[in-house]
Amino acid sequence: MVCRSLSVAGRRVCVMSTSQQPAEPATDGSATPVVPRPAVAARSEAVVEPVPAAPADGTAAAPAAGDEGTEQTARSAPPTSLSPSRASDFMQCPLLYRFRVIDRLPEKPSEAATRGTLVHAVLERLFDDPAAERTVPRAKAMVPGQWSRLLETRPELGELFAEDPGGERLSRWLGEAEQLVERWFTLEDPTRLEPREREMFVETELESGLRLRGVIDRVDIAPTGEVRIVDYKTGKAPRPEYSEGALFQMKFYALVIWRLKQVVPRRLQLVYLGSGDVLTYDPVTADLERMERKLLALWEAIRLATETGDWRPRPTKLCGWCDHRAVCPEFGGTPPVYPLSVSPRASAENGQGRMGPV
Ligand code: SF4
Numbered sequence: 021m022v023c024r025s026l027s028v029a030g031r032r033v034c035v036m037s038t039s040q041q042p043a044e045p046a047t048d049g050s051a052t053p054v055v056p057r058p059a060v061a062a063r064s065e066a067v068v069e070p071v072p073a074a075p076a077d078g079t080a081a082a083p084a085a086g087d088e089g090t091e092q093t094a095r096s097a098p099p100t101s102l103s104p105s106r107a108s109d110f111m112q113c114p115l116l117y118r119f120r121v122i123d124r125l126p127e128k129p130s131e132a133a134t135r136g137t138l139v140h141a142v143l144e145r146l147f148d149d150p151a152a153e154r155t156v157p158r159a160k161a162m163v164p165g166q167w168s169r170l171l172e173t174r175p176e177l178g179e180l181f182a183e184d185p186g187g188e189r190l191s192r193w194l195g196e197a198e199q200l201v202e203r204w205f206t207l208e209d210p211t212r213l214e215p216r217e218r219e220m221f222v223e224t225e226l227e228s229g230l231r232l233r234g235v236i237d238r239v240d241i242a243p244t245g246e247v248r249i250v251d252y253k254t255g256k257a258p259r260p261e262y263s264e265g266a267l268f269q270m271k272f273y274a275l276v277i278w279r280l281k282q283v284v285p286r287r288l289q290l291v292y293l294g295s296g297d298v299l300t301y302d303p304v305t306a307d308l309e310r311m312e313r314k315l316l317a318l319w320e321a322i323r324l325a326t327e328t329g330d331w332r333p334r335p336t337k338l339c340g341w342c343d344h345r346a347v348c349p350e351f352g353g354t355p356p357v358y359p360l361s362v363s364p365r366a367s368a369e370n371g372q373g374r375m376g377p378v
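What follows is the structure, encoded as structure tokens:
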């Protein structure tokens, strides 16, 4: 097996394509890490404690596919915690963060994001079946049922196909979801996996008081106690120069696990169903310390922006996917009145709302 090795921030990242089967956990109910290295996790109890159920809505205003990051703030309340998705929002565009977290402006569901949610549901539920029954036909057959289930919990998703009386678009969309599910079997073998956790809600509070939270798609634990964090992506793997960004979410989760359990996850694994790639990264303590510093700086910028009400737009090509262009000054719009009180001490001239390098 050949691993396409990339250097990201001085560390090794491995990208395997569909033709390169990653090593799989044994059938003894646990995951087997892939690359021999001194164990960094020695406690088999890592991440096995009961955790609170994920919030029922599972999202802030607009989750992306498989994006479970949430800040469970009351409407128009200052943010109290940080998830990978909302941290990414702020880094992308502070004003977008405000619209989603502070104003909680509604966003339309998208076919791509909803397909991601559907595929995640199938991959999660498949592990309810005995290992030998986790087959491609079985997984594909679950797609329509999981879609019905999703519609029951989020009826607004029905809008996606409201103007599809013949059902052709829905049929094609479900077929695309089935293809993504099928491709997963070329990347991992669920008959040889017994995840310790699926859709695992995690939350921790750093010494600074910053609360980090999120939902991890899958956690595997080897008999030796080594932890592997797995995340499914229904899109394509990023180009190598963007791998660091892709790993942000995984290092965030690794930091949470480390702070919760004093165990550095042995492996972070991103499974790209859109392109058939698996990207792995083996973090070390220094990575997680760096991530913590980065998040603290990010949170300080968010705190200042919240206090001053100074949320700067940062236009990029991603604006094309932003639901809030009508109220964005970059597109001639006017944001709603800021719903929080602004500190008289705060100065909008201090660069609040902008995220510098951290
Ligand atoms: S349109 Fe662009 S600049 Fe405006 S809020 Fe959305 S992401 Fe930010």
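Residue numbers (this note's numbering): 21 to 378. Just so it is clear, CB atoms sit at the ideal spot from N, CA and C, and this is done for glycine as well.
Residue i to residue j span [Cα, whole Å]
{"i": "A257", "j": "P99", "result": "31 Å"}
{"i": "E202", "j": "A152", "result": "16 Å"}
{"i": "A85", "j": "T254", "result": "A caution first: A85 carries a pLDDT of 35, below 50, which makes its placement in the model unreliable, though a value can still be read off. In a straight line, the C-alpha of A85 is about 7 Å away from that of T254."}
{"i": "E179", "j": "T305", "result": "46 Å"}
{"i": "G353", "j": "A346", "result": "5 Å"}
{"i": "P104", "j": "R189", "result": "32 Å"}
{"i": "Q92", "j": "R106", "result": "Because the pLDDT at Q92 is just 39, under 50, the model does not fix this residue reliably, and the point stays unresolved."}
{"i": "R158", "j": "T137", "result": "18 Å"}
{"i": "P129", "j": "T244", "result": "42 Å"}
{"i": "I322", "j": "S361", "result": "15 Å"}
{"i": "R118", "j": "P349", "result": "13 Å"}
{"i": "S64", "j": "P150", "result": "Unreliable positioning characterises S64 in this predicted model, as indicated by a pLDDT of 27, which lies under 50. A coordinate reading is not provided."}
{"i": "K337", "j": "L171", "result": "32 Å"}
{"i": "G186", "j": "A317", "result": "51 Å"}
{"i": "R216", "j": "F147", "result": "11 Å"}
{"i": "P45", "j": "V357", "result": "Note that P45 has pLDDT 37, beneath the 50 cutoff, so the model's placement of it is unreliable and no number is given."}
{"i": "R135", "j": "P285", "result": "29 Å"}
{"i": "A161", "j": "I122", "result": "40 Å"}
{"i": "P175", "j": "S168", "result": "10 Å"}
{"i": "T328", "j": "Y273", "result": "30 Å"}
{"i": "E183", "j": "E127", "result": "19 Å"}
{"i": "I249", "j": "G165", "result": "27 Å"}
{"i": "L194", "j": "E320", "result": "43 Å"}
{"i": "S5", "j": "V142", "result": "The structure shown does not extend to residue 5, since the chain is modelled only from 21 through 378, so no value can be given for it."}
{"i": "P210", "j": "I236", "result": "17 Å"}
{"i": "C113", "j": "D343", "result": "13 Å"}
{"i": "R124", "j": "L226", "result": "26 Å"}
Supposed contact pair residue j and residue i - C-beta distance, whole angstroms, cut 8 Å
{"i": "V247", "j": "G234", "result": "That pair is no contact at about 15 Å."}
{"i": "A197", "j": "V139", "result": "5 Å"}
{"i": "L308", "j": "L275", "result": "5 Å"}
{"i": "L288", "j": "L267", "result": "7 Å"}
{"i": "L293", "j": "L200", "result": "4 Å"}
{"i": "M311", "j": "K271", "result": "5 Å"}
{"i": "V283", "j": "E208", "result": "Going by Cβ atoms, the distance from V283 to E208 rounds to 23 Å, so no, they are not a contact pair."}
{"i": "T155", "j": "G296", "result": "Contact flag wrong, Cβ pair sits at about 19 Å."}
{"i": "E144", "j": "E219", "result": "5 Å"}
{"i": "L115", "j": "P333", "result": "4 Å"}
Ligand 1 heavy atom lying under 6 Å from the CB of residue i
{"i": "H140", "result": "no"}
{"i": "E350", "result": "yes"}
{"i": "P356", "result": "no"}
{"i": "R124", "result": "no"}
{"i": "R332", "result": "no"}
{"i": "R345", "result": "yes"}
{"i": "L194", "result": "no"}
{"i": "L290", "result": "no"}
{"i": "P335", "result": "yes"}
{"i": "L360", "result": "no"}
{"i": "L143", "result": "no"}
{"i": "L293", "result": "no"}
{"i": "L116", "result": "yes"}
Identified DSSP bridge partners for residue i
{"i": "D123", "result": "Note: D123 sits in no beta bridge, so no partner."}
{"i": "R287", "result": "R248"}
{"i": "L102", "result": "L232"}
Below-7 Å beta-carbon distance, residue i vs any chain B residue
{"i": "T354", "result": "The structure shown has no chain B; it contains just one protein chain."}
(request) Would you list, in sequence order, the uninterrupted beta strand (DSSP E) runs of no fewer than 3 residues that lie entirely inside the stretch 211-285? (result) 217-225, 231-241 and 247-253
(message) In chain order, what are the residue ranges of uninterrupted beta strand (DSSP E) at least 3 long that sit wholly in the stretch 329-366?
(response) none
(request) Kindly provide the ranges of any alpha helix (DSSP H) runs that are 4 or more residues long and lie completely inside the stretch 164-218, ordered along the chain. (result) 188-207
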